[in-house]
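Engineer: Residue numbers (this note's numbering): 1209 to 1354.
We put the beta carbon where it would ideally sit given N, CA and C, even for glycine.
Nothing here was measured: the structure is a model prediction, and the numbers come from that model.
Here it is in structure tokens:
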């Protein structure tokens, strides 16, 4: 059954509201591994493709995390074929179970961090953004700032 425009808008809102939690969840399952953003994007695509199967009123976060978990497993299989797997499947399973147990706490921490970052003066915020969200070295930032 196709969703009407209102239902689609609500679904898109759910996806948007859970991006930070999904991102944190995927990072927790892929520590030190490139591809987190790719897996998040794949997860978003699968969420959209499966939107008709989501039961309104049920736990969207749990449903989305289950889909993210399968995308991470697929990514891990791809890395294993290339000989790049960081840790074994048992540890990955333990991490997934542990991380699913505390998604609310992760989201609360992310919101608190975003609030704190939002209170920083622009110059300090730019430094933090450059350090954690840029592929460049801090020396490059220092040269830009003078």
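If residue 1328 sits next to residue 1339, beta carbons under 8 Å apart, how far is it from one beta carbon to the other, in whole angstroms?
Structural biologist: Within the chain shown, numbered from 1, the residue matching residue 1328 stands at position 120. Within the chain shown, numbered from 1, the residue matching residue 1339 stands at position 131. Not a contact, Cβ separation roughly 13 Å.
Engineer: Output the residue ranges of the alpha helix (DSSP H) runs that lie fully inside the segment 1221 to 1261 and measure 4 residues or longer, sorted by chain position.
Structural biologist: Whole alpha helix (DSSP H) segments, 4+ residues: 1227 to 1237, 1244 to 1257.
Engineer: Can you tell me whether residue 1210 is helix, strand or coil according to DSSP?
Structural biologist: The residue labelled residue 1210 in the question sits at position 2 within the chain shown. Residue 1210: coil per DSSP, three-state reduction.
Engineer: Under 8 Å by Cβ, that's how I've got residue 1319 and residue 1325 pegged, so tell me the actual separation to the nearest angstrom.
Structural biologist: Your numbering for residue 1319 matches position 111 in the chain shown. Your numbering for residue 1325 matches position 117 in the chain shown. Wrong, their Cβ atoms sit about 11 Å apart, outside the cutoff.
Engineer: Determine the closest residue to residue 1274 out of 1224, 1233, 1228, 1218, with distance taken between C-alpha atoms.
Structural biologist: The residue labelled residue 1274 in the question sits at position 66 within the chain shown. Out of 1224, 1233, 1228, 1218, 1233 has the C-alpha closest to the C-alpha of residue 1274.
Engineer: Helix, strand or coil: how does DSSP classify residue 1263 here?
Structural biologist: For this step, residue 1263 is matched to residue 55 along the chain shown. The answer is coil: DSSP assigns residue 1263 none of H, G, I, E or B.
Engineer: Quick check on this structure: which residue in 1219, 1237, 1317, 1270 has the alpha carbon closest to the alpha carbon of residue 1282?
Structural biologist: Numbered from its first residue, the chain shown carries residue 1282 at position 74. Of the listed residues, the one whose Cα sits closest to residue 1282 is 1237.
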